[in-house]
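Structure record follows, encoded as structure tokens.
Residue numbers (this note's numbering), protein chains in the order written: chain A, 4 to 172; chain B, 67 to 323.
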């Protein structure tokens with residue numbers, strides 16, 4: 004498989020991650036597009052035999068933390084837009100809709116650094132080691148951010164008040 | 067330590083949820099959880115979070131790529147107006163001329179490519195699985211070729227056949243039916259006098275736009291593949307590229323007749 008083919012093969016995952024990160028499908032695809040353009044322009048820097056997925060996620064991450072993408076996630080409760088032109092539709096699964104809506108709303112409440120880890124590990128199924136490489140932080144940092152992010156999500160999704168619980172601890 | 071720990075660290079519980087523990091530790095944590103409901107509830111909640119993330123965002127994986135992204139990965143649309151056979155014929159010439167490397171890159175068509183890549187990956191996966199089979203390399207042997215072809219044609223819903231490759235020194239071993247992303251696919255296996263095997267993987271069911279003859283290799287398995295209308299073909303083998311190309315041409319010539 005050529006390097007370019009390897010990039011193309013990762014696009015669905017990059018789009019999924021960007022969508023979860025930014026919520027707004029247009030902003031998400033802008034991020035992926037910037038990532039792809041950067042990657043293709045630096046394809047010669049990609050070392051054969053290393054992990055294309057990690058490389059692309061690293062680029063995406065670095066772009067995301069750049070000021071350009073530091074815009075706020077789509078406001079609470081705003082439906083995901085339907086992009087008719089590009090045929091982008093948003094899955095509305097009856098059985099999972101309720102929980103899924105909750106998780107999306109709950110993600111809004113996380114600081115970026117926790118959201119990155121929760122999504123890379125929980126959605127993209129990256130190992131702690133790969134996640135640490137992508138984010139450029141030690142593995143211990145990944146684990147503590149993951150723990151904090153997941154606990155926060157748990158309280159949010161289960162309707163507990165995190166401030167009360169924090170006081171109890 | 068005289069007293070057992072009052073609780074496992076959360077870090078270890080997360081590692082359990084994320085498959086980061088070795089087998090021994092995994093089993094120990096599992097046992098711990100059956101006796102510690104609080105930790106069990108936390109672990110279940112985290113698992114639900116993961117499931118909810120997938121439920122909410124996995125749909126993106128199956129969305130068509132937006133046009134802007136398609137453009138980014140393949141600006142050059144040369145050849146789209148040509149019928150498939152012309153592009154394939156042109157590709158063969160280009161490959162034969164050794165001009166393939168640049169050509170393949172220029173001919174991306176976005177989505178269709180992704181489906182095609184996934185298709186050829188499945189074909190290569192099937193190749194690797196059945197390559198070492200000595201006793202059961204195929205379901206139906208070449209001695210029952212007529213039955214084999216009739217059976218696979220019926221299952222694929224289209225006439226398929228096993229092209230003859232004896233001219234290149236490869237004889238038909240037989241074939242089998244395989245699942246290909248939820249649809250039936252056929253695999254024909256060929257072998258030469260030296261025990262080298264190549265396999266032709268055929269699937270019926272749209273995979274996107276027609277594609278020209280393409281070459282990929284992963285590890286030491288290589289494939290030539292092409293999508294022609296409702297059919298997808300991949301010829302896979304651990305043989306040198308020129309040999310595989312020669313075989314792919316033989317296959318193509320016979321299938322197009």
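Even for Gly, the Cβ is constructed at its ideal location relative to N, Cα and C.
Practice prompt. Measure the beta-carbon distance from residue 195 (chain B) to residue 241 (chain B) and round it to whole angstroms, keeping in mind my assumption that it falls under 8 Å.
Written response: Here residue 195 (chain B) is taken as the residue at index 129 of the second chain, counted from 1. Here residue 241 (chain B) is taken as the residue at index 175 of the second chain, counted from 1. That pair is no contact at about 14 Å.
Worksheet item: Is the Cβ of residue 109 (chain B) closer than 8 Å to any Cβ of chain A?
Response: The residue given as residue 109 (chain B) occupies position 43 in the second chain. Closer than 8 Å: no.
Worksheet item: What separation, rounded to the nearest whole angstrom, lies between the Cα atoms of residue 144 (chain A) and residue 62 (chain A)?
Response: Within the first chain, numbered from 1, the residue matching residue 144 (chain A) stands at position 141. Within the first chain, numbered from 1, the residue matching residue 62 (chain A) stands at position 59. Cα to Cα, the separation comes out at about 20 Å.
Worksheet item: Does the distance from the C-beta atom of residue 126 (chain A) to that of residue 119 (chain B) stay below 8 Å?
Response: Taking the first chain and counting its residues from 1, one reaches residue 126 (chain A) at position 123. Taking the second chain and counting its residues from 1, one reaches residue 119 (chain B) at position 53. A contact, by the Cβ cut-off of 8 Å.
Worksheet item: If you follow the alpha helix (DSSP H) that residue 219 (chain B) is part of, which residue opens it and which one closes it?
Response: As a working mapping, residue 219 (chain B) is identified with position 153 in the second chain. 211–222 is the span of the alpha helix (DSSP H), which, as asked, contains residue 219 (chain B).
Worksheet item: Could one say the Cβ of residue 202 (chain B) lies closer than 8 Å to chain A's Cβ atoms, at least one of them?
Response: Taking the first residue of the second chain as position 1, residue 202 (chain B) is located at position 136. Not closer than 8 Å to any Cβ of chain A, the Cβ of residue 202 (chain B) fails to qualify, so no.
Discussion item. On the DSSP letters alone, give me the boundaries of the beta strand (DSSP E) that residue 66 (chain A) sits inside.
Written reply: As a position in the first chain, residue 66 (chain A) is number 63, starting the count at 1. Where residue 66 (chain A) is concerned, there is no enclosing beta strand (DSSP E), although the alpha helix (DSSP H) it sits in stretches over 55–68.
Worksheet entry | For residue 10 (chain A), the first and last residue of its enclosing alpha helix (DSSP H) | The residue labelled residue 10 (chain A) in the question sits at position 7 within the first chain. It spans 6–25 - the alpha helix (DSSP H) in which residue 10 (chain A) sits, taken as one unbroken run.
Discussion item. Spatial neighbours of residue 6 (chain A) within its chain, please: C-beta separation below 8 Å, excluding the five flanking residues on both sides.
Written reply: In the first chain, residue 6 (chain A) corresponds to position 3, counting from 1. Counting only Cβ-Cβ distances below 8 Å, and skipping sequence neighbours, we find 46, 49, 51 and 55.
Discussion item. Judging by CA-CA distance, which residue of B:304, B:208 and B:179 is the nearest neighbour of residue 334 (chain B)?
Written reply: Because chain B is modelled from 67 through 323, residue 334 (chain B) falls outside the range shown and cannot be assessed.
Worksheet item: How many angstroms separate the CA atom of residue 18 (chain A) from the CA atom of residue 76 (chain B)?
Response: Counting from one through the first chain, the residue named residue 18 (chain A) turns up at place 15. Counting from one through the second chain, the residue named residue 76 (chain B) turns up at place 10. Roughly 31 Å between the two C-alpha positions.
Worksheet item: At a cut of 8 Å, does the region 238–257 of chain B reach the region 211–221 of chain B through at least three beta carbon pairs?
Response: yes
Worksheet item: So, residue 277 (chain B) versus residue 182 (chain B), is the Cβ gap smaller than 8 Å?
Response: Position 211 of the second chain, counted from the first residue, corresponds to residue 277 (chain B). Position 116 of the second chain, counted from the first residue, corresponds to residue 182 (chain B). Cβ distance < 8 Å, so residue 277 (chain B) and residue 182 (chain B) count as in contact.
Worksheet entry | Near-chain A residues of the region 79–105 of chain B - C-beta to any C-beta below 7 Å | 80, 84 and 86
Discussion item. Under 8 Å, Cβ to Cβ, is there at least one residue of chain C near residue 153 (chain A)?
Written reply: Looking at the structure shown, chain C is missing, and the protein chains on hand are A and B.
Discussion item. Just to confirm the assignment, what range does the beta strand (DSSP E) spanning residue 294 (chain B) have?
Written reply: Position 228 of the second chain, counted from the start, is the residue given in the question as residue 294 (chain B). Segment 287–294, the beta strand (DSSP E) holding residue 294 (chain B).
Worksheet item: Skipping 5 residues on each side, what residues in its chain have a beta carbon closer than 7 Å to that of residue 38 (chain A)?
Response: Translated into the one-based positions of the first chain, residue 38 (chain A) becomes position 35. The answer, listed in chain order, is 17, 59, 62, 63 and 66.
Practice prompt. Indicate the three-state DSSP secondary structure (helix, strand or coil) for residue 297 (chain B) in the structure shown.
Written response: Here residue 297 (chain B) corresponds to residue number 231 of the second chain, with the count starting at 1. Correct three-state label for residue 297 (chain B): strand.
Worksheet entry | Opposing strand residues paired with residue 189 (chain B) [DSSP bridges] | Reading the second chain from its first residue, position 123 is the one you call residue 189 (chain B). DSSP, once it has assigned bridges, lists no residue as partnering residue 189 (chain B).
Discussion item. Based on DSSP bridge pairs, tell me the residues matched to residue 263 (chain B).
Written reply: Position 197 of the second chain, counted from the first residue, corresponds to residue 263 (chain B). The partner list for residue 263 (chain B) (beta bridge, DSSP) reads B:257.
Discussion item. Quick check: the Cα distance between residue 112 (chain A) and residue 268 (chain B), rounded to an integer number of angstroms?
Written reply: Within the first chain, residue 112 (chain A) is the residue found at index 109, counting from 1. Within the second chain, residue 268 (chain B) is the residue found at index 202, counting from 1. When rounded, the distance between both Cα atoms is 49 Å.
Discussion item. Rounding to the nearest angstrom, what Cα-Cα distance links residue 262 (chain B) and residue 232 (chain B) in this structure?
Written reply: Residue numbering aside, residue 262 (chain B) sits at position 196 when the second chain is read from its first letter. Residue numbering aside, residue 232 (chain B) sits at position 166 when the second chain is read from its first letter. When rounded, the distance between both Cα atoms is 13 Å.
Worksheet item: Should residue 124 (chain B) be flagged as near chain A, meaning a C-beta pair shorter than 8 Å?
Response: Taking the first residue of the second chain as position 1, residue 124 (chain B) is located at position 58. Interface residue, yes.
Item to complete: Buried or exposed for residue 98 (chain A), please, with buried defined as at least 16 other CB atoms from any protein chain shown within 10 angstroms of its CB.
Response: Here the question's residue 98 (chain A) lines up with position 95 in the first chain. Because residue 98 (chain A) sits at a pLDDT of 39, beneath the cut-off of 50, its placement in the model cannot be relied upon, and the following sentence gives the value as read from the coordinates. Under this definition residue 98 (chain A) is an exposed residue.
Fill in: Test: residue 141 (chain A) CB closer than 8 Å to a CB of chain B
Sequence index remark: in the first chain, residue 141 (chain A) carries index 138 (1-based). Not closer than 8 Å to any Cβ of chain B, the Cβ of residue 141 (chain A) fails to qualify, so no.
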